[in-house]
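Before any comments, here is the structure.
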Amino acid sequence: MAKLRIKEAADLLGVSDDTVRRWIDTGALTATKDAAGRLVLDGRELAEHAVDQARTPHTQVGSASSARNRFPGLVTRVVTDTVMAQVEMQCGPFTVVSLMSSESVRELGLEPGSVALASVKATTVVVERAAE
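For any residue, its number in my numbering is found by taking its place in the sequence shown, counting from 1, and adding 1097.
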């Protein structure tokens, strides 16, 4: 089973080391010591905690949908030409980029600072594992 140091866990969850330490102090996570005496977290427990902590932000953006991969965020960049456009959004710690028609950008009124919802339908998702 994977054992992760506090810094690694914090980086993976997008929080500070102090937040992970608070979770340990409050009993939300269990830490043990590795052979070198450093605090480590069980990867499985950390994954369960990550799922429990994940919440969809409350926004007025979007409507009911069967899509599960929906990311509310802010439009940060829009590049258009006469036919196509590239729209970049910051959705929490993630950047989402969409290519769409320039007409769609105009109809949706997308510009930097707009609140929008990225809905992702992927036919292929590549999962890689870090080298150990």
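Ideal placement from N, C-alpha and C gives every residue a C-beta, glycine not left out.
Neighbourhood of residue i by C-beta distance below 8 Å, restricted to the same chain and skipping five residues each side
i	result
T1179	S1199
V1202	V1175, T1177, A1182, V1184
A1144	none
Distance CB(residue i)-CB(residue j) smaller than 9 Å
i	j	result
A1099	R1167	no
Q1150	L1110	yes
L1136	R1165	no
Residue span of the beta strand (DSSP E) that contains residue i, given as start and end
i	result
V1193	1191 to 1198
Anticipated Cβ contact below 8 Å, residue i with residue j, distance rounded
i	j	result
V1184	L1207	6 Å
T1127	D1114	The pair is not a contact, with the Cβ atoms about 17 Å apart (cut-off 8 Å).
Close Cβ partners of residue i (< 6 Å) along its chain, the five nearest in sequence each way excluded
i	result
V1194	E1185
W1120	L1126
Where residue i sits in the DSSP three-state scheme
i	result
E1208	coil
E1225	coil
G1170	strand
T1129	strand
A1215	strand
D1178	coil
R1239	Nothing about residue 1239 can be reported from this structure: the residues present for the chain run from 1098 to 1229 only.
R1141	helix
Residues of its chain near residue i, where Cβ-Cβ distance is below 7 Å and the 5 sequence neighbours each way are ignored
i	result
L1196	M1181, Q1183
T1173	E1185, M1186, Q1187, P1209
T1129	V1137
A1147	L1110
Residue i, enclosing alpha helix (DSSP H) - first and last residue
i	result
R1119	1114 to 1122
A1099	No alpha helix (DSSP H) holds A1099; DSSP gives it neither H nor E.
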